[in-house]
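Beneath this line is the structure, given in structure tokens, with notes to follow.
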Amino acid sequence: MAIIGGTGFHLREARRQLGDLREETISTRWGSARVTLGRLAGRGIVFLDRHGPPDAAEERRVPPHRINYHANIAALKALGVTGVLASTAVGSLRPEWAPGTLILPDQLLDRTSTRRQTFFDEEAVHVDFSEPYCRQLRDHLLRRAESLDIALADGGTYICTEGPRFETPAEIRVYRSWGADVVGMTAVPEVVLAREAQLSYAGVSVVTNPAAGMGDGQLTEAEVLEAMEQAMPRVARLFMAAAETYRDDPRAPARRATEEFGSPDVT
Ligand code: HPA
Numbered sequence: 707m708a709i710i711g712g713t714g715f716h717l718r719e720a721r722r723q724l725g726d727l728r729e730e731t732i733s734t735r736w737g738s739a740r741v742t743l744g745r746l747a748g749r750g751i752v753f754l755d756r757h758g759p760p761d762a763a764e765e766r767r768v769p770p771h772r773i774n775y776h777a778n779i780a781a782l783k784a785l786g787v788t789g790v791l792a793s794t795a796v797g798s799l800r801p802e803w804a805p806g807t808l809i810l811p812d813q814l815l816d817r818t819s820t821r822r823q824t825f826f827d828e829e830a831v832h833v834d835f836s837e838p839y840c841r842q843l844r845d846h847l848l849r850r851a852e853s854l855d856i857a858l859a860d861g862g863t864y865i866c867t868e869g870p871r872f873e874t875p876a877e878i879r880v881y882r883s884w885g886a887d888v889v890g891m892t893a894v895p896e897v898v899l900a901r902e903a904q905l906s907y908a909g910v911s912v913v914t915n916p917a918a919g920m921g922d923g924q925l926t927e928a929e930v931l932e933a934m935e936q937a938m939p940r941v942a943r944l945f946m947a948a949a950e951t952y953r954d955d956p957r958a959p960a961r962r963a964t965e966e967f968g969s970p971d972v973t
């Protein structure tokens, strides 16, 4: 199992439970990704900081439109990962979803414009995306959340914008009319590539702010980070519990996504 940490995710809470952690750089034909490898309940676990620099010598955070999603997903695949839990910071388009609310999205809308969305440029591979997030892994997370008494909203439509700027209130009004519930900048193409790589993937979105025009005042990065910091212990507890009890289901549709195309290698 792998955990992809988004903005504000850190390993502080998880460290106590994990065996010796080591950092590694994984090279793929798409570029390299820096991962932290550990052990949980006798099994390997992989952590990947989505905005982390691929090279240990660098310190910069990578902005959403520059993340090497291909290298990240290919690296997880190369490590033998079968399931991915990912956290994302989002703005809320629903007044009842205040900052701090955890959402388990089940649908996606795509408003990105510069991002390559496939591993397969040379061959026609069309994966089914009726359920962009793996239902089996979502169900697993819901059960774990319930047993830990962590509130997790079941379902929601995530709209992914290109960023890095926040939205205008006019855009948010349109996105609401389209049925979007939360807005973020990183689900696409991560969710798409995970499906092409035949990984079970589920995301937990942390509401960090009311979407543009829905709260009072302007959006700030500081408010996003502050809300993430507060929610982090809950997200980490949920992810660790889910990872500990996760069992791969090779028959899950997400794990068979490119079967009819001969499951081409993405690494
Ligand atoms: N918009 C886009 N991405 C975000 C937001 C937002 O309001 N909050 C956190 N990530």
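So the sequence shown is numbered by my numbering: it starts at 707 and just counts up by one.
Beta carbons are placed, not taken as given, at the ideal position from N, Cα and C, and that holds for glycine.
About 4 angstroms separates the CB atoms of G861 and D812; that is less than 8 angstroms, so the two are in contact. Taking 8 angstroms as the cut-off, one finds at least one heavy atom of the ligand HPA near enough to the beta carbon of M891. Between P805 and M920, the C-beta spacing is not below 9 angstroms.
Residue pairing of V889 in beta bridges, as defined by DSSP: G797 and I865. For P916, the enclosing beta strand (DSSP E) covers residues S906 to P916.
A direct Cα-to-Cα measurement between A928 and A908 gives close to 26 angstroms. Cα atoms of V831 and R822: separation of roughly 14 angstroms, rounded to the nearest angstrom.
Taking the Cα of A747 as reference, the smallest distance to any Cα among A949, V972 and R772 is reached at A949. Less than 9 angstroms separates the beta-carbon of V910 from that of L791. In this structure, DSSP gives Q813 an extended state, which the three-state scheme calls strand. With contacts defined by Cβ atoms closer than 9 angstroms, A708 and L810 do not form a contacting pair. The Cβ atoms of V898 and I865 lie no closer than 9 angstroms to each other.
Judged by DSSP in its simplified three-state form, T713 adopts coil rather than helix or strand. Taking 8 angstroms as the cut-off, the C-beta of A876 does not count as close to any heavy atom of the ligand HPA.
Its chain contains L727, E729 and F753 as the residues whose beta carbon lies nearer than 6 angstroms to that of T742, once the 5 sequence neighbours on both sides are disregarded; these appear in chain order. The continuous stretches of beta strand (DSSP E) do not include V880, which lies in the alpha helix (DSSP H) extending over residues P875 to S883.
Considering only A851, I710 and P959, the residue with the shortest C-alpha distance to E837 is P959.
Residue range G737 to L746 is occupied by the beta strand (DSSP E) that includes V741. Scanning T892, R940, S733 and T964 for the CA closest to the CA of T713 turns up T892. Annotated three-state conformation of I856 is coil, per DSSP.
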